[in-house]
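Input: a single structure, listed below in structure tokens.
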């Protein structure tokens, strides 16, 4: 949905680690755009650079990592923003939830106190009002018995409840963008379904945009409007969820989709992708996926393909893409 | 189900622990398995599915004698495991092998992968010592690890390669039953498919029976003939994979199947989501353990635990509302 102005626009993002063996490129020239109210899935396997892309937006990269390029949020480059302005944006406009809510919450403070702390950053100081707002937030995220949970410590809550508490804290100040890094990976599937439903509702009610980082294509199919697939630090395909799932262009995307066992039917053998992803210190020349690719030709090992649109809003970085949907 | 004697049979197996006792507080009883009946026939693959804490791994450990059942018994080829002597166990462990979720934790970090396979052959005194190296190399080649890779230490292998090494080591003993506890959960999707295909292939080639423990119903559908669904230490539904996954009867199975993200974007509204989370095993609900979350619960469900009973199509289900 290319509405007037993107909320978030990432241009040529790179993330390098200073290793003992030299510079390790883990995110390599990533371009992404997210419109207000849109849910974009960022998919890839471990080490593909998806979480680091997400952390770059919050500017929470580890100290040994260096980001380059531009991250424009409502037109302002987050990478060049002075620290105070960034701190002001975090929580109010940008928020983030992670895979392990229990470790993101303060273990020695009650949920209520942590929520009040987040709400108080908005300027309000009447404690009683803040507490009732906090209770309202917990109710909004579907926390059972919210008044009692205000007095609970994180260890007294289940994993799903901790994630609800985290989400409550993050939406306290109505951010316009929520970064969610594998928010349901540690949860059971029935609880995962509840959290996905909650995120869907929050988007509808608040028009909040979500950048969802996940390795699970099923979660993307359930929740997202658009999807970008990462491999070895680059975006290899992006488009609407319907286009990418029905007509994948990049052989890697097609391989990932075929590798997933299905619940509704049984196949003789799962399509698997041979080999394993390259390590950042040993990236092949040319296309990083070529050594595992069934469509690779001799040209693939020479030059790294650039990203090109093959249909409106559906593009790939591949010299021999699968067929695009006829326009 | 095989008419002959099953390879593995669990009869009314219960497992309970005492926990949290101190000077002030009395210890409490934690029932992890509650009257579980299961059978695995020779060459058959049974999937055991449930969410975290439902007792599926405890069940596997009970089969391996790492837990002693508090009640009931586990029989392997008719023989009660409780009566086995250490010497019996040595023989038995050759026939029943185990694959855990984290291959790095099951491999010795200071030993080359090849040597670890040779070691199990030596421990079980299989074949002439001079031939063990070749035999180990053949097992490793059968799972797709060539001699170059086999000469590595575990840390130098990728996650998928490590799990292959663990599988080769288990199969070197030529077991009859392989217990897999979430064997691919720690692997990336593209690698998962490789290992799952390998397991399916090895099973066919060697007539292995499989007890496949997983939270992932799609994997079970792919690998198993039968499936048992567990909730809070009890089997709630059991039957042929297509029966159970295409037309789940028990409300918990229905919720579980509905909650799995589909492979394709859904048309229309997302499915209904069940509320709440699994209660604590320290304070399990009376009657049917699923009733507090069950959309179809009636009074009777809170009072009386339903028995696992045969349904018209042959499957077993434990629910008052069927």
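Residue numbers (the numbering used here), protein chains in the order written: chain A, 4 to 330; chain B, 18 to 339. A virtual CB, placed ideally from N, CA and C, is assigned to each residue, including glycine.
Looking at the unbroken beta strand (DSSP E) that takes in residue i, where does it start and where does it end?
i, result
"residue 168/A", "Run containing residue 168/A: none in the beta strand (DSSP E); it sits in the alpha helix (DSSP H), 162 to 174."
"residue 197/B", "194 to 198"
"residue 122/A", "That residue, residue 122/A, is in no beta strand (DSSP E); its alpha helix (DSSP H) goes 114 to 123."
"residue 115/B", "113 to 116"
"residue 34/B", "25 to 36"
"residue 27/A", "25 to 37"
"residue 170/B", "From DSSP, residue 170/B is part of no beta strand (DSSP E); its letter is neither H nor E."
"residue 90/B", "88 to 93"
"residue 248/A", "Not the beta strand (DSSP E): residue 248/A falls in the alpha helix (DSSP H), residues 244 to 249."
"residue 56/B", "45 to 57"
"residue 254/B", "251 to 257"
"residue 62/B", "62 to 66"
"residue 72/A", "68 to 76"
"residue 358/B", "No information on residue 358/B is available, as it lies outside the stretch 18 to 339 that chain B covers here."
"residue 46/A", "42 to 46"
"residue 230/A", "229 to 234"
"residue 98/A", "97 to 100"
State the Cα-Cα distance for the pair residue i and residue j, rounded to the nearest angstrom.
i, j, result
"residue 63/B", "residue 178/A", "47 Å"
"residue 207/A", "residue 293/B", "22 Å"
"residue 332/B", "residue 249/B", "20 Å"
"residue 288/A", "residue 315/A", "30 Å"
"residue 318/A", "residue 311/A", "5 Å"
"residue 137/A", "residue 225/A", "29 Å"
"residue 157/B", "residue 184/B", "9 Å"
"residue 113/A", "residue 168/A", "11 Å"
"residue 32/B", "residue 215/A", "41 Å"
"residue 156/A", "residue 121/A", "16 Å"
"residue 82/B", "residue 98/B", "8 Å"
"residue 134/B", "residue 19/A", "39 Å"
"residue 91/A", "residue 127/A", "15 Å"
"residue 175/B", "residue 280/A", "10 Å"
What are the boundary residues of the alpha helix (DSSP H) that includes residue i?
i, result
"residue 55/A", "53 to 61"
"residue 255/A", "254 to 262"
"residue 85/B", "Taken as a continuous stretch (DSSP letters only), residue 85/B belongs to no alpha helix (DSSP H), as it is neither H nor E."
"residue 184/B", "176 to 188"
"residue 138/B", "130 to 140"
"residue 74/B", "73 to 80"
"residue 120/B", "120 to 123"
In chain order, what residues of the same chain have a beta carbon less than 7 Å from the beta carbon of residue i, not counting five sequence neighbours either side?
i, result
"residue 73/A", "14, 15, 80 and 82"
"residue 125/A", "176"
"residue 95/A", "176 and 178"
"residue 115/A", "134, 137, 153 and 154"
"residue 273/A", "262 and 264"
"residue 278/A", "294 and 295"
"residue 231/B", "64, 66, 199 and 237"
"residue 284/A", "24 and 27"
Specify the secondary structure class of residue i as computed by DSSP and reduced to three states.
i, result
"residue 19/B", "Unreliable placement is indicated for residue 19/B, whose pLDDT of 44 sits below 50; no coordinate value is reported for it."
"residue 312/A", "strand"
"residue 317/A", "strand"
"residue 5/A", "Bear in mind that the predicted position of residue 5/A carries a pLDDT of just 46, short of 50, making it too unreliable to give a figure here."
"residue 146/A", "coil"
"residue 12/A", "strand"
"residue 212/A", "strand"
"residue 83/A", "helix"
"residue 188/A", "coil"
"residue 270/B", "helix"
"residue 306/B", "coil"
"residue 291/B", "coil"
"residue 235/B", "helix"
"residue 227/B", "strand"
"residue 152/B", "helix"
"residue 193/A", "helix"
"residue 279/B", "coil"
"residue 322/B", "coil"
"residue 139/A", "helix"
"residue 327/B", "strand"
Go through its chain and collect everything with a Cβ distance to residue i's Cβ below 6 Å, but skip five positions before and after it.
i, result
"residue 298/B", "47"
"residue 338/B", "313"
Closer than 8 Å by C-beta to residue i: which residues in its own chain qualify, once you throw out the five before and the five after it? Chain order, please.
i, result
"residue 231/A", "35, 43, 44, 45, 46, 238, 240 and 241"
Quick one: any contact between the region 254 to 266 of chain A and the region 197 to 209 of chain B, if contact means 3 or more CB pairs under 8 Å?
-> Look at the beta carbons and you see the region 254 to 266 of chain A touching the region 197 to 209 of chain B: at least three pairs across the two are nearer than 8 Å.
Inter-stretch contact at 8 Å, needing at least 3 Cβ pairs: the region 96 to 103 of chain B / the region 260 to 280 of chain B | no
Do the region 180 to 193 of chain A and the region 56 to 73 of chain A touch if we need at least three Cβ pairs shorter than 8 Å?
-> yes
Can you find at least 3 beta carbon pairs, one from the region 310 to 322 of chain B and one from the region 235 to 244 of chain B, that sit closer than 8 Å?
-> Touching, no.
Between the region 91 to 105 of chain A and the region 30 to 45 of chain A, are three or more C-beta pairs nearer than 8 Å?
-> The region 91 to 105 of chain A, when compared against the region 30 to 45 of chain A, does not touch it at the 8 Å Cβ threshold.
Is the region 180 to 197 of chain B close to the region 219 to 227 of chain B, with three or more CB pairs under 8 Å?
-> Counting Cβ pairs under 8 Å, three or more are found: they touch.
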